[in-house]
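Peer 1:
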Ligand SMILES: Nc1nc2c(ncn2[C@@H]2O[C@H](COP(=O)(O)OP(=O)(O)OP(=O)(O)O)[C@@H](O)[C@H]2O)c(=O)[nH]1
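In UniProt numbering, the protein residues as written are 1 to 442.
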């Protein structure tokens, strides 16, 4: 996420981060570089210019150069301004009505259908709501099918009416169905077009008038940069929407949309989409995003994601197994699956302060665990619970079964052995011995 921008800002702020004396001249030079970095990230020219002017004014106002740690203060000012630019505080959804109606708008392919599913899943699991999805794309039957597939996947009911060509009527019928059947949130997925056009705007505005949603959300593909901002403006002029959803932030987006959208339409970004899976949704926190852009990581979100996957009962079972030396490959597999549920690896690593920069040239694919999983899947139940039985002929069989080499099998066995020892030590509180063991690990 935003690798290029992070790298450029890091370079721009290098001097201020304590790598040289700070003078009025290099502060000015730094700000010029910051502006260049923002422009390269496709941030609107005026926004980038105003941003640096504000940072400069603040720096002057706080007499940065005379403070004890001018560099750090400057970085803080940049961070605060970046946070402010992206919206200040996080803003949630208004779900006070029963049912609360949420209308999705946006261009075709922006990710409306996917996000509708993600949001329904999010509200169901986190806010214990009972959502209903309503399919209002009357032009593409495939779009209705897609929403049904999503609904099945997350176990949320989908309301549709395939023969009906009137999206307003479907939306109204969907809301009536929700009221009659005890759904307290209605998420209405609408049809998008390839570009902003009058027919689409009239249609969405008619749906909007007819159902009076509590939340009208505008979904936009962050990869489209400045176009995203222009489209947002066009939709906002017609719908006066309540919030923006930025999708595809997991890709190689330059970041311009995330930074500029709030100041152009004066509406908060409420959620971001970070992948194709239903779990790849995050509440948008401007301050955490600023931390990430400035390479400071986002430990809070990382811990939150870990907590979401944390199952106390399972954790206790695991603890007992470790204590009894019974931690096997099946348990290991479960752990891997839990990590995978937390999101894609590059994204997770980017949340660790400093790690994003360190790992920027290393290609971490989402299937980083594929080899390990294949090896474990090729083991027999006995081998999984009791790896010591794995002799050389078993290793050969596992290697050919998993499409890996005997060396790879050996490597995994060795790492697993070291890890088991380490976990045992952690249980016993033998910190020093654990450090010794860790030295031998990759
Ligand atoms: N990588 C990534 N892909 C996404 C994300 N959100 C959606 N997609 C993908 O983007 C494509 C378009 O998403 P849809 O949800 O079908 O878009 P839509 O806005 O409903 O499009 P129409 O129904 O055609 O109007 C699909 O292939 C999704 O899997 C995201 O956050 N990250």
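Glycine included, every Cβ here is placed at the ideal spot set by N, Cα and C. Everything numeric in this text was worked out from a predicted model, so none of it was measured.
(1) Is the segment 121 to 140 touching the segment 246 to 255 in the sense that three or more CB pairs, one from each, lie closer than 8 Å?
(2) Can residue 280 and residue 343 be called in contact, C-beta distance under 8 Å?
(3) Can you name the residues that DSSP bridges to residue 104?
(4) Give me whichever residues DSSP pairs with residue 247 in a beta bridge.
(5) Counting C-beta neighbours from all protein chains within 10 Å, is the total for residue 137 16 or more, i.e. buried, or is it exposed?
(6) At a cut-off of 7 Å, would you count residue 113 as near ligand 1, judging by its Cβ distance to the nearest heavy atom?
(7) For the putative contact between residue 273 and residue 124, defined by C-beta atoms under 8 Å, what is the C-beta separation to the nearest angstrom?
(8) Is residue 43 closer than 8 Å to residue 392 when the C-beta atoms are compared?
(9) So does the segment 84 to 94 actually touch the segment 200 to 210, counting three or more Cβ pairs closer than 8 Å?
(10) Among the residues of its own chain, which have a CB less than 6 Å from the CB of residue 100, if the five just before and after it don't count?
(11) Alpha carbon to alpha carbon, how far is residue 284 from residue 326? Give it in angstroms, no decimals.
(12) Could you compute how far the alpha carbon of residue 48 sits from the alpha carbon of residue 239?
(13) Output the distance between the C-alpha atoms of residue 330 and residue 425, rounded to the nearest integer angstrom.
(14) Return helix, strand or coil for residue 131, following the three-state DSSP convention.
(15) Count the other CB atoms within 10 Å of the CB of residue 2; is the residue buried (16 or more) or exposed (fewer)?
(16) For residue 434, which of helix, strand or coil comes out of DSSP?
(17) Taking 7 Å as the limit between beta carbons, can you name the residues of its chain near residue 5, skipping five residues before and five after?
(18) What residue range does the beta strand (DSSP E) around residue 75 cover?
(19) Residue 167: buried (16+ other C-beta within 10 angstroms of its C-beta) or exposed?
(20) Quick check on DSSP: helix, strand or coil for residue 291?
(21) Do you know offhand how far residue 115's Cα is from residue 109's?
(22) Is any heavy atom in ligand 1 found nearer than 7 Å to the beta carbon of residue 50?
(23) Under 8 Å between the Cβ atoms of residue 408 and residue 399?
(24) According to DSSP, is residue 270 helix, strand or coil?
Peer 2: Short version:
(1) no
(2) yes
(3) 217
(4) 221
(5) buried
(6) yes
(7) So it is not a contact: roughly 17 Å between Cβ atoms.
(8) no
(9) no
(10) Result list for residue 100: 185 and 214, in chain order.
(11) 41 Å
(12) 27 Å
(13) 21 Å
(14) strand
(15) buried
(16) Note on residue 434: pLDDT 49, under 50, position unreliable in the model; the coordinate value appears next. Of the three classes helix, strand and coil, the one that applies to residue 434 here is helix, per DSSP.
(17) 37, 41, 254, 255 and 293
(18) Run containing residue 75: none in the beta strand (DSSP E); it sits in the alpha helix (DSSP H), 70 to 85.
(19) buried
(20) helix
(21) 11 Å
(22) no
(23) yes
(24) strand
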